[in-house]
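Undergrad: Residue numbers (my numbering), protein chains in the order written: chain A, 218 to 685; chain B, 218 to 685. Each residue gets a CB set at the ideal place from its N, CA and C atoms; glycine is no exception. Just so you know, these numbers come straight off a predicted model, no measurement behind them. Below is one structure. I have some questions about it.
There are 2 protein chains.
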Amino acid sequence: MESRVATASAIPWNECMSHPETSSSAARITPRTLKGFRDYPPEIMIPRERLIDTARRVYRSFGFAPIDTPALEYLDVLTGKGSDETDKQMYRFVDHGGREVGMRFDLTVPLARFAAQHIQELGTPFKRYHIATVWRGENTQRGRYREFMQCDFDTIGVESVTADIETALVIFELLHAIGMPRFTLRLNNRMVLNGLLQRLDLADRASAVLRSLDKLGKLRADDVAKELESVVGLSDAQARDVVGLAALDGDNDAILRDLEHRTEGSEVGQTGVARLREIVAAFEAATGEPGQLRIDPSIARGLDYYTGPIYETFLDELPAIGSICSGGRYDDLAGLFTRQRLPGIGASLGLDRLLAAQEELGLIERVRTPTPILIAFFAADRYHDYLRLARSLRRAGIGSELFPEPRKLGAQLKYADKQGFRAVLILGEDEFQAGTCRIKDLKVGSQEVVHVGPDAGQLVDHLRDLVA
Amino acid sequence: MESRVATASAIPWNECMSHPETSSSAARITPRTLKGFRDYPPEIMIPRERLIDTARRVYRSFGFAPIDTPALEYLDVLTGKGSDETDKQMYRFVDHGGREVGMRFDLTVPLARFAAQHIQELGTPFKRYHIATVWRGENTQRGRYREFMQCDFDTIGVESVTADIETALVIFELLHAIGMPRFTLRLNNRMVLNGLLQRLDLADRASAVLRSLDKLGKLRADDVAKELESVVGLSDAQARDVVGLAALDGDNDAILRDLEHRTEGSEVGQTGVARLREIVAAFEAATGEPGQLRIDPSIARGLDYYTGPIYETFLDELPAIGSICSGGRYDDLAGLFTRQRLPGIGASLGLDRLLAAQEELGLIERVRTPTPILIAFFAADRYHDYLRLARSLRRAGIGSELFPEPRKLGAQLKYADKQGFRAVLILGEDEFQAGTCRIKDLKVGSQEVVHVGPDAGQLVDHLRDLVA
Chain A
218 MESRVATASA IPWNECMSHP ETSSSAARIT PRTLKGFRDY PPEIMIPRER LIDTARRVYR
278 SFGFAPIDTP ALEYLDVLTG KGSDETDKQM YRFVDHGGRE VGMRFDLTVP LARFAAQHIQ
338 ELGTPFKRYH IATVWRGENT QRGRYREFMQ CDFDTIGVES VTADIETALV IFELLHAIGM
398 PRFTLRLNNR MVLNGLLQRL DLADRASAVL RSLDKLGKLR ADDVAKELES VVGLSDAQAR
458 DVVGLAALDG DNDAILRDLE HRTEGSEVGQ TGVARLREIV AAFEAATGEP GQLRIDPSIA
518 RGLDYYTGPI YETFLDELPA IGSICSGGRY DDLAGLFTRQ RLPGIGASLG LDRLLAAQEE
578 LGLIERVRTP TPILIAFFAA DRYHDYLRLA RSLRRAGIGS ELFPEPRKLG AQLKYADKQG
638 FRAVLILGED EFQAGTCRIK DLKVGSQEVV HVGPDAGQLV DHLRDLVA
Chain B
218 MESRVATASA IPWNECMSHP ETSSSAARIT PRTLKGFRDY PPEIMIPRER LIDTARRVYR
278 SFGFAPIDTP ALEYLDVLTG KGSDETDKQM YRFVDHGGRE VGMRFDLTVP LARFAAQHIQ
338 ELGTPFKRYH IATVWRGENT QRGRYREFMQ CDFDTIGVES VTADIETALV IFELLHAIGM
398 PRFTLRLNNR MVLNGLLQRL DLADRASAVL RSLDKLGKLR ADDVAKELES VVGLSDAQAR
458 DVVGLAALDG DNDAILRDLE HRTEGSEVGQ TGVARLREIV AAFEAATGEP GQLRIDPSIA
518 RGLDYYTGPI YETFLDELPA IGSICSGGRY DDLAGLFTRQ RLPGIGASLG LDRLLAAQEE
578 LGLIERVRTP TPILIAFFAA DRYHDYLRLA RSLRRAGIGS ELFPEPRKLG AQLKYADKQG
638 FRAVLILGED EFQAGTCRIK DLKVGSQEVV HVGPDAGQLV DHLRDLVA
């Protein structure tokens with residue numbers, strides 16, 4: 218189609234794009250968000266969307282499929298499974314139909330309800346991911362938010378160690394895909410501790426032992442041992458055995474040999490060690506990075522429902538930020554809702570923690586636009602030509618915003634800088650006549666003139682390198 | 218790394234992946250969702266995610282940036298702007314801190330609050346998209362859901378016609394990107410009707426006239442004219458003029474000439490017609506598809522706050538399903554919250570309606586997995602080799618699920634069929650020895666043997682064509 222002069226000049230361009238003016242509204246409402254809630258402006262939302270996209274791509278590449286469930290559930294569905302703390306924090310109310318309802322506080326209880334309701338039709342293995350918002354009326358003084366996003370993947374109905382292995386591999390690929398290849402995936406197995414407790418005749422005190430062991434990060438090993446004696450009632454030797462197991466350090470092979478020895482005579486313990494061994498071997502074979510998976514017998518994870526391998530993931534540069542991807546195996550997901558036993562394994566990516574880490578490590582480039590190119594609007598008569606150029610670039614996969622008004626170039630460049638565009642294309646009447654385009658590279662600060670070519674082909678080739 | 222025999226056989230493979238069993242839970246809770254709410258299993262969620270991805274990609278390509286806002290807002294923020302109906306339908310309660318809160322029922326009120334709060338820092342033009350869930354306690358008998366997703370894009374702070382034009386172009390690109398190129402974007406301008414009413418000395422009755430005109434789809438033109446006379450108090454000639462304008466049909470040029478004539482003497486009317494003319498010209502220049510934009514003076518859109526162009530989009534094959542993308546220009550977004558006048562224009566993609574249309578037109582392939590390839594697990598000793606193969610495929614961008622257990626091939630193929638994988642890769646000991654792979658194409662039903670090649674390169678080339 219021939220380029221032709223725009224008729225746009227029939228309407229005067231409005232120089233002032235927004236201006237204060239008294240309005241007739243009587244009493245104004247202060248614009249504000251609730252305590253513990255926050256807005257996500259573009260510069261926060263862009264890296265967040267990128268992270269979610271990456272997680273989704275990795276989950277999908279392993280065969281996990283997306284599901285979603287309602288934000289609101291019957292209160293009895295949510296309260297049955299949660300702890301006293303989540304029950305207390307839950308947002309709950311009576312709806313228009315007089316039903317007691319609650320807002321979901323995690324994605325695990327909804328998964329249990331969903332699986333119980335649909336598993337006959339879905340069949341197993343059922344591999345799902347679920348990325349969605351949850352709400353908890355937490356104490357905001359601890360820096361916690363009352364609305365946050367969870368990013369879970371789980372495999373339901375597979376008891377084989379292959380699902381344990383796959384969970385480790387998903388975490389590995391996830392962190393690499395996110396661009397944070399320096400991490401350590403720490404692995405333990407509840408069965409190992411259970412095996413030791415069995416050997417020590419303490420199987421009935423597993424929960425209490427776990428609760429004490431969970432303090433190993435905060436308390437010294439000696440103090441945990443004392444607590445095991447005084448509170449849980451272990452003998453001095455028993456306490457030393459338990460704490461000794463949790464304190465094991467060294468390379469995976471050495472720890473595995475030691476664990477095998479310490480669980481001798483307990484079938485569950487030996488199976489637990491064998492499973493760890495298999496995960497380690499398969500992880501090494503599949504990734505070629507054996508060093509990124511470490512057996513860590515101190516990892517307990519507070520939750521009672523884990524029954525097999527448990528996972529935590531720490532950034533080598535920021536271990537103190539805590540685990541950024543954690544999970545484990547559970548024997549019975551949906552016992553509250555169905556007689557069918559649904560074993561599962563899964564983990565959850567800590568989006569907010571990971572974003573905070575990326576921020577701290579300077580990995581996030583703060584931009585306010587997801588679009589790399591701004592086309593300056595310079596020659597008012599060439600409006601239709603700008604539109605066609607923008608379309609050619611977009612069709613070639615290069616996001617391009619056209620400035621909405623033919624303002625002074627300085628103002629447009631200022632806008633481009635503030636938004637964080639990668640480059641500005643400048644075309645005036647001369648450039649249109651010559652079939653060229655000035656590219657101002659805002660990152661490098663350089664400027665060059667290139668030929669646009671038919672369907673902007675030459676320009677596209679040039680920009681592709683720039684925005685890659 | 219050398220291929221080596223897996224140690225996986227140390228743990229017996231569990232033939233039965235999930236099995237009913239009595240559990241100790243006492244009183245079970247019936248797994249169920251609230252009335253008006255629904256689960257999204259993979260086969261529904263996969264096309265939904267695809268649609269959202271496409272919308273995002275198109276919005277971003279024009280320079281719209283993502284934002285998000287809390288699901289919960291102070292009640293006064295939400296009630297001030299909504300209609301009586303949305304107020305009545307809103308989920309509301311008192312939170313732990315004694316605050317009256319509500320769940321957002323649309324994304325426009327949160328945008329108004331967000332813009333009033335942040336626009337000084339963000340500056341204009343501010344172009345944002347927002348794809349998020351909203352809640353309304355609607356009457357479910359009308360087939361409505363109480364939880365649904367909105368998918369909005371808006372430009373704040375630009376009064377120029379360029380933003381009107383861009384809105385039309387975004388809708389055009391959106392529908393093409395979604396794979397529904399047969400649609401008509403219907404365009405009107407409130408200024409035109411206001412111009413006519415001005416000429417007829419009826420400017421003060423604009424709202425009442427609009428309400429009657431909005432019934433043009435349901436009532437005959439004569440009945441609307443009668444209502445304008447009896448209810449709004451127009452003279453017979455006035456009513457005929459108003460209904461005559463709304464009933465105009467024909468090609469865009471003819472309608473524009475007619476509208477110009479009918480609004481003669483009214484500046485606002487003439488400006489409205491000139492703006493329509495510019496949108497039509499630019500749309501034609503930019504898209505080369507003038508027939509997909511039609512001026513339709515009957516489009517009123519009930520909402521009072523539109524002040525300029527208004528848009529509705531109908532599928533040529535399913536016009537009865539209603540507009541699948543609608544919007545318009547408003548003069549003052551955030552008057553409830555700020556003195557600063559924030560003019561804007563935007564539109565919203567009707568996700569659920571569009572998915573229903575795609576379903577009805579047979580455009581949705583129902584699959585339960587987002588992953589094209591299933592690798593059958595056949596040779597138990599080759600587990601690590603399967604893992605490495607899967608990784609090579611994933612690294613090449615080809616999503617590949619590895620079946621978790623070495624079950625009979627028939628059972629694995631049945632699973633692959635049910636899930637909707639595109640192809641199954643079958644490798645037994647013979648294939649591993651020969652460096653080949655059997656590909657069973659589940660769509661075509663064919664089977665062929667190909668060489669895997671180093672890093673699965675040859676296989677990747679082959680599969681790329683298949684999954685493209």
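Could you check where the alpha helix (DSSP H) with R267 (chain B) kicks off and where it finishes?
TA: The sequence position of residue 267 (chain B) within the second sequence is 50, counting from 1. Looking at the DSSP string, the run of the alpha helix (DSSP H) that includes R267 (chain B) is 259 to 278.
Undergrad: Using only the alpha-carbon positions, how far apart do L566 (chain B) and G544 (chain B) sit?
TA: Position 349 of the second sequence, counted from the start, is the residue given in the question as residue 566 (chain B). Position 327 of the second sequence, counted from the start, is the residue given in the question as residue 544 (chain B). Near 9 Å, if we compare the C-alpha coordinates of G544 (chain B) and L566 (chain B).
Undergrad: May I ask which residues mark the beginning and end of the alpha helix (DSSP H) holding I382 (chain B)?
TA: For the purposes of this step, residue 382 (chain B) is identified with residue 165 of the second sequence, where counting begins at 1. Counting along the chain, the alpha helix (DSSP H) containing I382 (chain B) begins and ends at 378 to 394.
Undergrad: If contact means a Cβ-Cβ distance below 7 Å, which residues of the region 514 to 537 of chain B contact chain A?
TA: From the region 514 to 537 of chain B, no residue has a Cβ closer than 7 Å to chain A.
Undergrad: Strictly by DSSP, which residues pair up with E355 (chain B)?
TA: As a first step, residue 355 (chain B) is located in the second sequence; it is residue number 138 there, counting from the start. In the DSSP output, where bridge partners are listed per residue, E355 (chain B) has none listed.
Undergrad: Please report the Cβ distance between V448 (chain A) and L430 (chain A), rounded to the nearest whole angstrom; I am assuming they are in contact, meaning their Cβ atoms lie under 8 Å.
TA: Your numbering for residue 448 (chain A) matches position 231 in the first sequence. Your numbering for residue 430 (chain A) matches position 213 in the first sequence. Not a contact, Cβ separation roughly 12 Å.
Undergrad: With C-beta atoms as the reference, is I336 (chain B) less than 8 Å away from Q557 (chain B)?
TA: Residue mapping note: residue 336 (chain B) aligns to position 119 of the second sequence, counting from 1. Residue mapping note: residue 557 (chain B) aligns to position 340 of the second sequence, counting from 1. In contact: I336 (chain B) and Q557 (chain B) (Cβ atoms closer than 8 Å).
Undergrad: Rounded to whole angstroms, what is the Cα-Cα separation between D453 (chain B) and L419 (chain B)?
TA: The residue given as residue 453 (chain B) occupies position 236 in the second sequence. The residue given as residue 419 (chain B) occupies position 202 in the second sequence. Cα-Cα distance, rounded: 13 Å.
Undergrad: Which value, in whole angstroms, describes the spacing of the CA atoms of G461 (chain B) and D312 (chain B)?
TA: Against the second sequence, residue 461 (chain B) aligns to sequence position 244. Against the second sequence, residue 312 (chain B) aligns to sequence position 95. Whole-angstrom Cα-Cα distance: 53 Å.
Undergrad: Roughly how many angstroms separate the alpha carbons of D634 (chain B) and T341 (chain A), rounded to a whole number?
TA: Translated into positions along the second sequence, residue 634 (chain B) becomes position 417. Translated into positions along the first sequence, residue 341 (chain A) becomes position 124. Roughly 13 Å between the two C-alpha positions.
Undergrad: Taking 8 Å as the threshold (beta carbon to beta carbon), is P507 (chain A) in contact with chain B?
TA: Against the first sequence, residue 507 (chain A) aligns to sequence position 290. P507 (chain A) does not count as touching chain B.
Undergrad: Looking only at its chain, what residues have a beta carbon closer than 8 Å to the beta carbon of Q675 (chain B), apart from the 5 residues adjacent to it on each side?
TA: As a first step, residue 675 (chain B) is located in the second sequence; it is residue number 458 there, counting from the start. Closer than 8 Å at the Cβ level, and outside the excluded window around Q675 (chain B), lie V667, H668, V669.
Undergrad: Looking only at its chain, what residues have a beta carbon closer than 8 Å to the beta carbon of A573 (chain B), apart from the 5 residues adjacent to it on each side?
TA: Working through the second sequence from its first residue, we reach residue 573 (chain B) at position 356. Excluding residues within five positions, the ones whose Cβ falls inside 8 Å are I538.
Undergrad: If contact means a Cβ-Cβ distance below 9 Å, which residues of the region 300 to 315 of chain B contact chain A?
TA: Answer in chain order: K305, Q306, Y308, R309, F310, V311, D312, H313, G314.
Undergrad: In angstroms, rounded to a whole number, what distance separates the CA positions of N405 (chain B) and D270 (chain B)?
TA: Locating residue 405 (chain B) in the second sequence gives position 188, where the first residue counts as 1. Locating residue 270 (chain B) in the second sequence gives position 53, where the first residue counts as 1. Their backbone Cα atoms lie some 29 Å apart in a straight line.
Undergrad: Can you give, in chain order, each stretch of the beta strand (DSSP E) that sits fully within the region 500 to 564 of chain A and has at least 3 residues?
TA: Listed in chain order, they are 510 to 512, 523 to 532, 542 to 547.
Undergrad: Work out the CA separation of D256 (chain A) and L410 (chain A) for me, nearest whole Å.
TA: Here the question's residue 410 (chain A) lines up with position 193 in the first sequence. Here the question's residue 256 (chain A) lines up with position 39 in the first sequence. Going by the C-alpha atoms only, they are around 44 Å apart.
Undergrad: When the Cα atoms are used, what is the spatial distance from F279 (chain B) to R511 (chain B)?
TA: Position 62 of the second sequence, counting from 1, holds the residue named residue 279 (chain B). Position 294 of the second sequence, counting from 1, holds the residue named residue 511 (chain B). Near 23 Å, if we compare the C-alpha coordinates of R511 (chain B) and F279 (chain B).
Undergrad: Anything in chain B within Cβ reach of A685 (chain A), meaning under 8 Å, just list it in chain order.
TA: Translated into positions along the first sequence, residue 685 (chain A) becomes position 468. Within chain B, no residue comes near A685 (chain A); the closest Cβ sits about 16 Å away, beyond 8 Å.
Undergrad: Counting only Cβ pairs nearer than 8 Å, list the residues of chain B close to D256 (chain A).
TA: The residue you call residue 256 (chain A) lines up with position 39 of the first sequence. Result: I284, D285, T286, P287, F331, Q334, H335.
Undergrad: Around the Cβ of E390 (chain B), are there at least 16 other Cβ atoms within 10 angstroms (buried) or fewer (exposed)?
TA: Here residue 390 (chain B) is taken as the residue at index 173 of the second sequence, counted from 1. Buried, because 16 or more other Cβ atoms sit within 10 Å of the Cβ of E390 (chain B).
Undergrad: Do you know how far the Cα of D371 (chain B) is from the Cα of H347 (chain B)?
TA: As a position in the second sequence, residue 347 (chain B) is number 130, starting the count at 1. As a position in the second sequence, residue 371 (chain B) is number 154, starting the count at 1. Looking at the two C-alpha atoms, the distance is approximately 9 Å.
Undergrad: Return the CA-CA distance between V378 (chain B) and F531 (chain B), expressed in angstroms with no decimal places.
TA: As a position in the second sequence, residue 378 (chain B) is number 161, starting the count at 1. As a position in the second sequence, residue 531 (chain B) is number 314, starting the count at 1. Rounded to whole angstroms, V378 (chain B) to F531 (chain B) spans 23 Å at the Cα level.
Undergrad: Does any CB atom of chain A fall closer than 8 Å to the CB of L251 (chain B)?
TA: Position 34 of the second sequence, counting from 1, holds the residue named residue 251 (chain B). With 8 Å as the cut-off, L251 (chain B) counts as an interface residue toward chain A.
Undergrad: Among all the DSSP beta bridges, which residues are the ones paired with V686 (chain B)?
TA: No information on residue 686 (chain B) is available, as it lies outside the stretch 218 to 685 that chain B covers here.
Undergrad: Indicate the three-state DSSP secondary structure (helix, strand or coil) for Y603 (chain B) in the structure shown.
TA: Walking along the second sequence from the start, residue 603 (chain B) turns up at place 386. Helix, per DSSP.
Undergrad: Could you give the DSSP three-state label for A471 (chain A): helix, strand or coil?
TA: As a position in the first sequence, residue 471 (chain A) is number 254, starting the count at 1. The answer is helix: DSSP assigns A471 (chain A) an H, G or I state.
Undergrad: Just to confirm the assignment, what range does the alpha helix (DSSP H) spanning V326 (chain A) have?
TA: On the first sequence, residue 326 (chain A) is found 109 positions in, with the first residue counted as 1. It spans 325 to 339 - the alpha helix (DSSP H) in which V326 (chain A) sits, taken as one unbroken run.
Undergrad: Are three or more beta carbon pairs between the region 357 to 368 of chain A and the region 292 to 304 of chain B nearer than 8 Å?
TA: No, the region 357 to 368 of chain A is not in contact with the region 292 to 304 of chain B.
Undergrad: Mapping the DSSP letters down to three states, classify L451 (chain A) as helix, strand or coil.
TA: By one-based count along the first sequence, residue 451 (chain A) stands at place 234. DSSP places L451 (chain A) in coil when its eight states are reduced to three.
Undergrad: Does E364 (chain A) come within less than 8 Å of chain B when only Cβ atoms are used?
TA: Counting from 1 along the first sequence, the entry for residue 364 (chain A) is found at position 147. With 8 Å as the cut-off, E364 (chain A) counts as an interface residue toward chain B.
Undergrad: Check the Cβ-Cβ distances between F400 (chain B) and every residue of chain A, and say whether any is below 8 Å.
TA: Translated into positions along the second sequence, residue 400 (chain B) becomes position 183. No, F400 (chain B) does not count as interfacial toward chain A.
Undergrad: Kindly list, in the order they appear in chain A, the residues whose Cβ is closer than 7 Å to that of S609 (chain B).
TA: Position 392 of the second sequence, counted from the start, is the residue given in the question as residue 609 (chain B). What S609 (chain B) touches in chain A: nothing, since even the nearest Cβ is about 10 Å away.
Undergrad: Residues of chain A with CB closer than 7 Å to the CB of T350 (chain B), please, in chain order.
TA: Within the second sequence, the letter at position 133 stands for residue 350 (chain B). Result: A288.
Undergrad: Identify which residue in B:Y308, B:R321, B:R316 has its Cα closest to the Cα of G315 (chain A).
TA: As a working note, residue 315 (chain A) is residue 98 in the first sequence. Considering only alpha carbons, the answer is B:Y308.
Undergrad: Does E317 (chain B) have its Cβ less than 8 Å from a Cβ in chain A?
TA: Numbered from 1 along the second sequence, position 100 holds the residue referred to as residue 317 (chain B). Not an interface residue.
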